[in-house]
Amino acid sequence: MEAWIWIPITFLAAFMQAARTAGQKHLTKDFSAVGASYVRFLWGLPFALVYLWYLHHSGGHDLSAVLPVMGWTYFVFAALTAISQIAATVLLVFLFSLRNFAIGSTYARTEALLTAIVGAVVFHEALAGAGWVAVAMGALGVIMISLARTGVAGETFVRRLFQPAAGVGLLAGLGFAGASLFLRQASLSLGLSDWLYSAALTLALVLIIQTAIMTGYVLFRARDQIAAMGPNWRGCLFVGITSVIGSAG
Numbered sequence: 009m010e011a012w013i014w015i016p017i018t019f020l021a022a023f024m025q026a027a028r029t030a031g032q033k034h035l036t037k038d039f040s041a042v043g044a045s046y047v048r049f050l051w052g053l054p055f056a057l058v059y060l061w062y063l064h065h066s067g068g069h070d071l072s073a074v075l076p077v078m079g080w081t082y083f084v085f086a087a088l089t090a091i092s093q094i095a096a097t098v099l100l101v102f103l104f105s106l107r108n109f110a111i112g113s114t115y116a117r118t119e120a121l122l123t124a125i126v127g128a129v130v131f132h133e134a135l136a137g138a139g140w141v142a143v144a145m146g147a148l149g150v151i152m153i154s155l156a157r158t159g160v161a162g163e164t165f166v167r168r169l170f171q172p173a174a175g176v177g178l179l180a181g182l183g184f185a186g187a188s189l190f191l192r193q194a195s196l197s198l199g200l201s202d203w204l205y206s207a208a209l210t211l212a213l214v215l216i217i218q219t220a221i222m223t224g225y226v227l228f229r230a231r232d233q234i235a236a237m238g239p240n241w242r243g244c245l246f247v248g249i250t251s252v253i254g255s256a257g
């Protein structure tokens, strides 16, 4: 695959992730933070399975040859991905209810920077000099956009960076960063030459784990969130589709 193809894929993934977040924010009118997060996983799973099925058959893959290489390392990283992403998603949706949502979302959007830092420290996957510059510029861009959106002076913005919303946003960003790194490690542990199929297989497994965990919680603690899906099926469908496209990218 040509190296340049990563550019449109990255932009598409970023756009879909932003659309998914906007969709979840809209759902918070009728869902709790847990419920809006549950929608992402439950409604995204069918599309992830269809995507995996398409790659499986179009690429002529033999699942019987893949199953033996799914060692304990693969399942551990997949489980860590699922848990990290659940926590990060709930925190991000919870941010919508806070007064200084824009400040918190600023920290949440530093996921790329946090991924680079955690990846270098934990997995020894340091970026080249140009890579660090690009990540830093992206983080700076997020801060500048947030300044413009909030319409506050720089001094006031800095003070707000140390408010509770900022801490929640930072934890969400760390959660998403961890999920990205764990997902990559899980895919790499398979050792498959078709990285697209490997990523799709791992994405489907992660969503199965997430759906199972969240379904268990919702059935015992928040059954009303399931009932809310009927009247909001269009929004749920939108979140599910954009979530899978964003994650696949």
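In my numbering, the protein residues as written are 9 to 257.
By construction, the Cβ of each residue, glycine as well, lies at the ideal position given by its N, Cα and C atoms.
Every value quoted in this text rests on a predicted model; they were computed, and no experiment measured them.
Sequence ranges, alpha helix (DSSP H) only - wholly within the segment 18-42, length at least 4 | Correct list: empty.
Can you tell me whether L215 is buried or exposed, with buried defined as 16 or more other CB within 10 angstroms of its CB?
-> In the sequence shown, residue 215 corresponds to position 207, counting from 1. By the beta-carbon neighbour count (other beta carbons within 10 angstroms, threshold 16), L215 is buried.
Which ranges would you report for the alpha helix (DSSP H) in the segment 183-253 if only whole runs of at least 4 residues count?
-> With a minimum length of 4 residues, the continuous alpha helix (DSSP H) runs that stay inside the segment 183-253 are 203-229, 232-235.
Assigned secondary structure, S45 (DSSP; H/G/I helix, E/B strand, else coil) = In the sequence shown, the residue the question calls residue 45 occupies position 37. For S45, the secondary structure class from DSSP, reduced to helix, strand or coil, is helix.
Can you tell me whether W80 is buried or exposed, with buried defined as 16 or more other CB within 10 angstroms of its CB?
-> Position 72 of the sequence shown, counting from 1, holds the residue named residue 80. W80 counts as exposed, since fewer than 16 other C-beta atoms from the protein chains shown sit within 10 angstroms of its C-beta.
Could you please give the first and the last residue of the uninterrupted alpha helix (DSSP H) stretch that includes L100?
-> Taking the sequence shown and counting its residues from 1, the one referred to as residue 100 is at position 92. Annotation: the continuous alpha helix (DSSP H) that includes L100 extends over 80-103.
Return yes when the Cβ of L75 is within less than 8 Å of the Cβ of A212, no when it is not.
-> Against the sequence shown, residue 212 aligns to sequence position 204. Against the sequence shown, residue 75 aligns to sequence position 67. Contact flag unset, no.
Assigned secondary structure, H65 (DSSP; H/G/I helix, E/B strand, else coil) | If you number the sequence shown from 1, residue 65 lands on position 57. H65: helix per DSSP, three-state reduction.
Where L122 sits in the DSSP three-state scheme = The residue labelled residue 122 in the question sits at position 114 within the sequence shown. Note: L122 maps to helix in three-state DSSP.
Within the same chain, show all residues whose beta-carbon is closer than 8 Å to that of P239, passing over the 5 residues directly before and after it, in chain order.
-> Within the sequence shown, the letter at position 231 stands for residue 239. Once the five neighbours on either side are set aside, the close Cβ partners of P239 are D38.
Using beta-carbon positions only, say whether G67 and D202 come within less than 8 Å of one another.
-> On the sequence shown, position 59 is the one that residue 67 refers to. On the sequence shown, position 194 is the one that residue 202 refers to. The Cβ atoms of G67 and D202 sit closer than 8 Å to each other.
Does the segment 95-104 touch the segment 194-201, meaning 3 or more C-beta pairs lie closer than 8 Å?
-> Because the criterion of three Cβ pairs below 8 Å is not met, the segment 194-201 and the segment 95-104 do not touch.
Given 8 Å as the limit, is there contact between the segment 23-40 and the segment 223-240, that is, 3 or more CB pairs closer than that?
-> Flag = yes, the segment 23-40 and the segment 223-240 touch.
Option nearest I219 by Cα separation, candidates Q93, A22, F23 | By one-based count along the sequence shown, residue 219 stands at place 211. Before going further, note that residue 219 is Thr rather than Ile in the sequence given. For the residues Q93, A22, F23, the minimum Cα distance to T219 belongs to Q93.
So what does DSSP say about A136, is it helix, strand or coil?
-> Position 128 of the sequence shown, counted from the start, is the residue given in the question as residue 136. Coil.
For L60, three-class secondary structure by DSSP = Within the sequence shown, residue 60 is the residue found at index 52, counting from 1. Correct three-state label for L60: helix.
So is T18 buried or exposed if we call it buried at 16+ other beta carbons inside 10 Å?
-> On the sequence shown, position 10 is the one that residue 18 refers to. By the Cβ-count criterion, T18 is exposed, with fewer than 16 other Cβ atoms from all chains shown falling within 10 Å of its own Cβ.
Going straight from the alpha carbon of G186 to that of G127, what length do you get?
-> By 1-based counting over the sequence shown, the position of residue 186 is 178. By 1-based counting over the sequence shown, the position of residue 127 is 119. So the alpha carbons of these two residues sit roughly 9 Å apart.
With 16 as the cutoff for other CB atoms within 10 Å, does S255 come out buried or exposed?
-> Stepping through the sequence shown from its first residue, residue 255 is reached at position 247. S255 should be labelled buried.
Please list, in chain order, all residues of the same chain as L200 whose beta carbon is under 6 Å from its beta carbon, the five residues on each side excluded.
-> For the purposes of this step, residue 200 is identified with residue 192 of the sequence shown, where counting begins at 1. Here the set comprises S206.
Can you tell me whether L122 is buried or exposed, with buried defined as 16 or more other CB within 10 angstroms of its CB?
-> For this step, residue 122 is matched to residue 114 along the sequence shown. That one is buried.
Mind checking whether W140 and A124 have CB atoms under 8 Å apart?
-> To locate residue 140, count along the sequence shown from 1; it is residue 132. To locate residue 124, count along the sequence shown from 1; it is residue 116. Yes.
For F49, collect the residues of the same chain with a Cβ closer than 7 Å to its Cβ; drop the 5 residues on either side in sequence, then sort them by chain order.
-> Locating residue 49 in the sequence shown gives position 41, where the first residue counts as 1. Hits under 7 Å: L215, Q218, T219, M222.
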